[in-house]
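Residue numbers (this note's numbering), protein chains in the order written: chain A, 1 to 362; chain B, 1001 to 1253.
Ideal Cβ positions, reconstructed from N, Cα and C, are used throughout, including at glycine.
These notes concern the structure reproduced below.
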Amino acid sequence: MSEELVIEEKRVFMTGNEVVAWAALAAGADIMYGYPITPQNEIMHYWSRLAPRYGKDFLQTEDELSAGFATAGGVMAGRKAFTATAGSGSVLMQEPLAMAEMMRLPTVTVVQQRGGPSTATVIYSQQEVTLTTMGGNGEGMRVVYSTAGHQDLYDYTIKAFNLAWKYRFPTFVLGDGYQAKMREPLTIYDPEKRGITLLEPDPYVGREGEPGRDRPPAQYRNTYNLEEELYEKLMSDIRDFEKISTEIAEYESMHTEEAELVIVAHGIVFRAVREAVGNLREQGLRVGGFRPVTLRPLPAPQIRDLVDGLKKILVVESAYGQIARLLKEAAYGAACEIHTLFKPGVGIAAGEIEDRVKEILK
Amino acid sequence: MQPAPAMPKSWRVDNKPHKFCPGCGHGLILKCLGQAIDELEIQSRVVYGCDIGCSLLSWDLFNLDTVQTHHGRTTPVMTGMKRARPELLCIAYMGDGGGYSIGVQHLVGAAMRNEKITVIVANNTQYAMTGGQMAPTTLPGQKTETCPYGRDPGATGLPFQGAEMISAIAPDGAYVARGSISHLTQLTGFLKKALKNQIDGHGFSLVEALSACPTNWRTDAARTWEFIEKDMAGYFKRGEIKIPGQKEATANA
């Protein structure tokens, strides 16, 4: 007999991977399909311990291709299914997630970024931005939340399930090895008690009745015979995605008005930015901070506003220009100077950012 | 007036004739599958998955809920579906390229775990949709576009014994058989037993079906028949290879 899941609202002190497992439970996830790769392993560890207690399932597959495709199968059967991966696993995951894009499947994938390319480090990076936003042989019809800590991991994992089932685009929670492995305090809660309605999943296949007699068969394909046929399908998805982009794009900004320079970063790097902005302002420097929370779709109008009224931005990331490329596209044509602090695969502390800002403003 | 051809009830009639080349084996295998589904009366419980290559042309062939994917990943899609909704009967249909080459790890994984799904691999000894390249199942000396002088076993190995391999690694409860489009009643029987194995919850089931590709083989009807019955039969033995509760059976019925 499985227990009823009761999540009392309380402060806890957990690793990020444990947070994701609890958030998935809180979001009403039914089944996880996974394959080991550091630094996301403990999501599976916690889930596989917790899941049976609450009548939920786990399957360790033979590889990430299988984990991704099984997740696709799970959601098509009408269950809230998810997977988690990192690094070279993320590379393999692009094949199933391209299918999820094509078939508009509400898969939820948690990516805990590690160093790249290839095996690289198991520790940390922000080098899976391009892959997570635009991976696969398609147009990047996916939603990507970049979290900056454990409260975010909890909140956005819950949000990811709801968004995926509402709009039927594959949805990602993009964390990193630091967030995965470190412990920090956060508040866990039952989303429904906070007024967040959890969407019920809806099956693609296996509905009541005999296909052909009681209802038409539900037939989903990835293949199209004609260029025009594919074009029509893609444009319809692209229009849907563009329509929801303004609604779902999220960002955080601090002191951007009247700033001389705004530091732009996403994910955990923005925590160093928050500290740096505080310190620099104490020293009398007019500095602000801007963080896209959704990397896909980007909060493009807000970025536009930001760069139009500004002389300088500094892009800081633990990659060599992956978020900067996305920003430049959104800021195209603006007159503001774009400065960078790129440290691929390495963490960034507030002090380094402050030094870089002072160098630019000298 | 010509009499209408007898189609399985589980086939869609509104989009026939089907899309396969004349002489292709897929239509025959899928007719056997349709008959098996009809006889077991499971049409409302089946989800049919097909793969990339010629098998994808069956994405709207049945009056069945259907998913089409590629690279032998139909196996994990069906695995994921079955794990999520055990009451569904999940069938993964693919060619020998998807099943035994690019997606073979999924077949191995599913068989090892005794996933309660049914995999059907159509073996026509080559990649057909892509224009007739060498497959793991290509016979020694057989000419394809990527072994134009004939497959050299010294350089590229021997025909892959997929059904025997799966039989060797699958736990008890699994059902493995090899049929052929040259023996349709037998093939239908194997498909029925494979599906029954899933219905009864015993475990994994695999049916390899020897198939024909006169387009890429460049064979006429007589030579096509001979290729299946003589050339292929020399390497791929028809019969039940693994039956739940029984020791590994000797192939060739």
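Residue i (DSSP reduced to helix, strand or coil)
i, result
"Y167(A)", "helix"
"C1090(B)", "strand"
"A1253(B)", "At A1253(B), the pLDDT of 46 sits below 50, so the modelled position is not reliable; the number obtained from the coordinates is stated separately. Coil."
"W1225(B)", "helix"
"K358(A)", "helix"
"C1147(B)", "strand"
"M308(A)", "It should be pointed out that residue 308(A) corresponds to Asp in this sequence rather than to Met. It is helical."
"P301(A)", "helix"
"S318(A)", "coil"
"H1018(B)", "coil"
"E227(A)", "helix"
"P281(A)", "One point to set straight first is that residue 281(A) is Arg, not Pro, in the sequence displayed. Reduced to three states, the DSSP call for R281(A) is helix."
"G289(A)", "strand"
"I7(A)", "coil"
"F270(A)", "helix"
"H1070(B)", "coil"
"K1242(B)", "strand"
"S1058(B)", "helix"
"F1204(B)", "coil"
"G1131(B)", "coil"
"F342(A)", "strand"
"V187(A)", "Here the sequence assigns Thr to residue 187(A), which means Val is not the residue at that position. Of the three classes helix, strand and coil, the one that applies to T187(A) here is strand, per DSSP."
"D1172(B)", "coil"
"A1233(B)", "helix"
"P1214(B)", "helix"
"Y154(A)", "helix"
Under 7 Å by beta carbon: chain B residues contacting residue i
i, result
"L230(A)", "Here the premise fails: no neighbours, minimum Cβ distance about 14 Å."
"M99(A)", "T1069"
"E210(A)", "Q1043, S1044"
"G206(A)", "V1047, D1065, R1085, L1088"
"N222(A)", "Q1068, T1069, H1070"
Residue interval of the alpha helix (DSSP H) (run including residue i)
i, result
"F1190(B)", "1184 to 1199"
"Q179(A)", "177 to 181"
"I1166(B)", "1162 to 1169"
"E42(A)", "41 to 50"
"T1156(B)", "1153 to 1156"
"T1075(B)", "1074 to 1084"
"G1108(B)", "Residue identity differs from the one stated: residue 1108(B) is Val in this sequence, not Gly. First-last of the alpha helix (DSSP H) with V1108(B): 1104 to 1112."
"T294(A)", "That residue, T294(A), is in no alpha helix (DSSP H); its beta strand (DSSP E) goes 294 to 296."
"W1011(B)", "Taken as a continuous stretch (DSSP letters only), W1011(B) belongs to no alpha helix (DSSP H), as it is neither H nor E."
"P211(A)", "It is not in any alpha helix (DSSP H) - P211(A) carries neither H nor E in the DSSP assignment."
Opening and closing residue of the beta strand (DSSP E) in which residue i lies
i, result
"G115(A)", "That residue, G115(A), is in no beta strand (DSSP E); it is neither H nor E in DSSP."
"N1123(B)", "1118 to 1123"
"G34(A)", "31 to 34"
"T15(A)", "10 to 15"
"G1179(B)", "1175 to 1180"
"T256(A)", "No beta strand (DSSP E) holds T256(A); DSSP gives it neither H nor E."
Under 9 Å from the C-beta of residue i: neighbouring residues of chain A
i, result
"L1056(B)", "R221, N222, T223"
"F1062(B)", "P211, G212, P217, Q219"
"V1207(B)", "The contacting residues do not exist; V1207(B) stays about 20 Å from chain A at best."
Contact set between residue i and chain B, taken where Cβ atoms lie within less than 8 Å
i, result
"A81(A)", "G1080, A1084"
"G78(A)", "A1084, R1085"
Neighbouring residues, chain A, relative to residue i (Cβ below 8 Å)
i, result
"W1217(B)", "None at all; the shortest Cβ gap to chain A is about 24 Å."
Chain B contacts from the region 51 to 76 of chain A (Cβ-Cβ distance under 7 Å): Within the region 51 to 76 of chain A, the residues whose Cβ lies closer than 7 Å to any Cβ of chain B are, in chain order, D57, L59, T61, E62, D63, L65, S66, F69, A70, T71, A72, G73, G74, M76.
Which full runs of the beta strand (DSSP E) of 3+ residues lie inside the region 1024 to 1051 of chain B, going along the chain? Entirely contained in the region 1024 to 1051 of chain B, the beta strand (DSSP E) runs reaching 3 residues are, in chain order, 1046 to 1050.
Whole runs of the alpha helix (DSSP H) within the region 61 to 143 of chain A, excluding any shorter than 4 residues: Counting whole runs of 4 or more residues, the region 61 to 143 of chain A contains the alpha helix (DSSP H) stretches 64 to 76, 87 to 103, 129 to 134.
Closer than 9 Å, Cβ to Cβ, to anything on chain A: give me those residues from the region 1220 to 1239 of chain B, in chain order. For the region 1220 to 1239 of chain B, the set of positions with a beta-carbon nearer than 9 Å to some beta-carbon of chain A is empty.
Chain B contacts made by the region 279 to 302 of chain A, where a contact means CB separation under 9 Å: Residues: none.
Taking only beta carbons into account, state which residues of the region 1091 to 1113 of chain B come closer than 9 Å to chain A, listed in chain order. Going along the region 1091 to 1113 of chain B in chain order, one finds G1103, Q1105, H1106, V1108, G1109, A1110, M1112, R1113 with a Cβ nearer than 9 Å to chain A.
Against chain B: residues of the region 15 to 33 of chain A by CB proximity under 9 Å: From the region 15 to 33 of chain A, only D30, I31, Y33 have a Cβ closer than 9 Å to chain B.
Along the region 89 to 114 of chain A, where does the CB come closer than 9 Å to a CB of chain B? Name the residues. Answer set for the region 89 to 114 of chain A: E95, P96, M99, M103.
Name the residues in the region 1006 to 1031 of chain B whose C-beta lies less than 7 Å from a C-beta of chain A; which are they? Those residues of the region 1006 to 1031 of chain B placed with their C-beta closer than 7 Å to a C-beta in chain A are R1012, ordered along the chain.
Just by C-beta distance, which residues in the region 1118 to 1135 of chain B are closer than 7 Å to chain A? Within the region 1118 to 1135 of chain B, no residue qualifies.
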